[in-house]
Structures are given as structure tokens and as C-alpha cells.
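First to last, the sequence lines map onto chains A and B.
Sequential numbering of the first sequence, starting at 371, is according to the numbering used here.
Sequential numbering of the second sequence, starting at 371, is according to the numbering used here.
We put the CB at the ideal spot given by N, CA and C, even for glycine.
2 protein chains.
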Amino acid sequence: MKAYSHPSLDKVSLTAVMQALSDPCRVSIVQALLAEEERELACNEISLDVAKATRSHHFDVLREAGIIFTRCEGTRCMSSVRRKELNKRFPGLLKLISHEP
Amino acid sequence: MKAYSHPSLDKVSLTAVMQALSDPCRVSIVQALLAEEERELACNEISLDVAKATRSHHFDVLREAGIIFTRCEGTRCMSSVRRKELNKRFPGLLKLISHEP
DNA sequence: CAGTAATTTCGATCTTTTTCGAACTTTACA
DNA sequence: TGTAAAGTTCGAAAAAGATCGAAATTACTG
Chain A
371 MKAYSHPSLD KVSLTAVMQA LSDPCRVSIV QALLAEEERE LACNEISLDV AKATRSHHFD
431 VLREAGIIFT RCEGTRCMSS VRRKELNKRF PGLLKLISHE P
Chain B
371 MKAYSHPSLD KVSLTAVMQA LSDPCRVSIV QALLAEEERE LACNEISLDV AKATRSHHFD
431 VLREAGIIFT RCEGTRCMSS VRRKELNKRF PGLLKLISHE P
């Protein structure tokens, strides 16, 4: 469907990650993904009250900030959090997000 | 000089903090403050290449996000990071910032 | 192959954020 | 008391970000 590009985490700055996580909608997405042990979720499996286009935009931002990994599966795009890499590059970050109500 | 107001940390959301830390200039400020063991710094002791008004604005944002505490001392305003409270409310956050180059 | 479902792209609008210069306030101190 | 130093406030301009509807794309399904 689309060629998603995923930055290498050492090219992602702290401020870029913070910026990506400064939107409640995006934090919700990450939290939903973190709640799914190892499973991936399709974009539309995460309930958000924004339009399709906006949703797509938020996934873009998260992807470009190195936070999520997306791959195509048919007409859907499955996303997951780049846990291992993030824990290495920004230790404690994910815990911060998952512990937040 | 001015009555600074400092929010209680349980009223500060994760996204608000992230938002405040999504600017390189502000992260520099926090890093400079963290580098000073327990000491406070006056705004103008932190070198930044932005105008006075902009600097003042950044300190505002950090203060409103609950990240720094500011008190007046003569004509200067001394700031420090709200370490203890932040470590309690957002464990791991400050480490993330101080470990970043 | 037509239809549908999932997502992206485009273009536009609206809001927020960043930034600055200039004027102002407060305090220190010579 | 007058001058300087440190910050703040204001108003404006520019940049960045969020949001949406509509049209386009892609791939599955009958």
C-alpha cells in the first residue's frame, strides 16, 4: 500500500519524541498499542474521535518520531510500539506513558 | 517583582510536560538547571541565543508545566527544577533529560 | 471485474506557538 | 534621586500544527 519509512532511533532527538507525545490523541494511540502485549493494531482498531485524515496524520507523526512501527497487511496498516529500541534510546519513556491514566 | 504561580503537580498532565519539553531551547534550560546540583540559576545565567522576551516566555512555559520553580531575589529571578515532585509524579523523566546530549 | 473497506493525499482553514522590539516595572546602589 | 540591570508585558508577525471533507489509492471479496 504505502512505503512507510522508519527513522533510526539514534537520529531521533529527545525534543522530537516529546513533540510527538505532546498531543493527547497521540498519547492515547501509544497507550492503546502498549496495552496490547505484543500484538499490533490496525489504525482503525483504536478508537479516537477525530476524522480519518487526522488519525492518519497522528500515526505519521508518531512514526516519524520513531515511536511506532507500521507495516501493511492488505488494506490495513498494523502498528506497534518500537519498544526495544525506545527502551534503549530513551530508557523510562514508555513506562512514563503507560503509567499515565 | 512578580508573583509567580506554580501549579500543583497532580494537576499537570503528561502531555503538558511533553509539550513544554518539546522545544530545544527549553530543554537546554532544564539541563543547565539540572547540572547545578542544588543551586538555583538566574534566567540570565543560562546562555541562550534568543531575545530577552523569548527567554522570559520559555521560563513561563516551563513554570506553567510544573517543571521549574522560580522565586524573586532583588531584580533577578532564581529558578530551579522541581526535582523531588517531578520524580514522584513522572519517575524517570528528569533522567531522560539529563542523560540526553 | 465491480464493490467495499482501510488508509492516504490534497487543499483549506483555524488555532497555537515562537519570536522579537519597544516600552514598562521593580529593585539596587552610587 | 537618577541610572542601570533584570525581567515582564504588549502587540504584531511569522511559522508550525491540528483538523476536516473530498477525492484518490490499494487490495480484498464476491
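Short-range partners of chain A found in the segment 416-427 of chain B, where Cβ spacing is below 8 Å: none
Mind listing the chain B neighbours of residue 401 of chain A? Cutoff is C-beta to C-beta under 8 Å, in chain order. Ordered by position in chain B, no residue passes the 8 Å Cβ test against residue 401 of chain A, which lies about 10 Å from the chain.
Would you please state the rounded distance, in angstroms, between the beta carbons of residue 442 of chain A and residue 371 of chain A? I believe it to be under 8 Å. 5 Å
Counting beta carbon pairs with one atom in the segment 389-398 of chain B and one in the segment 414-430 of chain A, are three or more of them shorter than 8 Å? no
In chain order, what are the residue ranges of uninterrupted alpha helix (DSSP H) at least 4 long that sit wholly in the segment 428-463 of chain B? 453-459
Please confirm whether residue 392 of chain A has its beta-carbon closer than 8 Å to some beta-carbon of chain B. It does; some Cβ of chain B falls within 8 Å.
Chain-order list of residues whose beta-carbon lies under 7 Å from that of residue 446 of chain A (same chain, five-residue window excluded): Here the set comprises 412.
Report yes or no: do three or more beta-carbon pairs, one from the segment 450-468 of chain B and one from the segment 395-414 of chain B, lie closer than 8 Å? yes
Where residue 384 of chain B meets chain A, residues with beta-carbon distance less than 8 Å: Result: 391, 397, 466, 467 and 470.
Given that a residue counts as buried once 16 or more other Cβ atoms are within 10 Å of its Cβ, and exposed if not, what is residue 431 of chain A? buried
Residue 456 of chain B CB to nearest chain A CB: under 8 Å? no
Which residues of chain B have a Cβ atom closer than 8 Å to the Cβ of residue 460 of chain A, listed in chain order? Per Cβ cutoff of 8 Å: 466.
Taking only three categories from DSSP, how would you classify residue 390 of chain B? Here residue 390 of chain B sits in helix by DSSP.
Euclidean distance between Cα positions of residue 429 of chain A and residue 460 of chain A: When rounded, the separation of the alpha-carbon atoms in residue 429 of chain A and residue 460 of chain A is 20 Å.
For residue 463 of chain A and residue 397 of chain A, the rounded distance between their alpha carbons: 12 Å
Taking the beta carbon of residue 481 of chain B as the centre, do at least 16 other beta carbons fall within 10 Å, making it buried, or is it exposed? Within the shown structure, residues of chain B are numbered from 371 to 471, placing residue 481 of chain B beyond reach of any answer.
Using a C-beta cutoff of 8 Å, does residue 388 of chain B count as contacting chain A? yes
Rounded straight-line distance, which links the Cα of residue 386 of chain B to that of residue 378 of chain B: Put simply, the backbone Cα of residue 378 of chain B is about 13 Å away from that of residue 386 of chain B.
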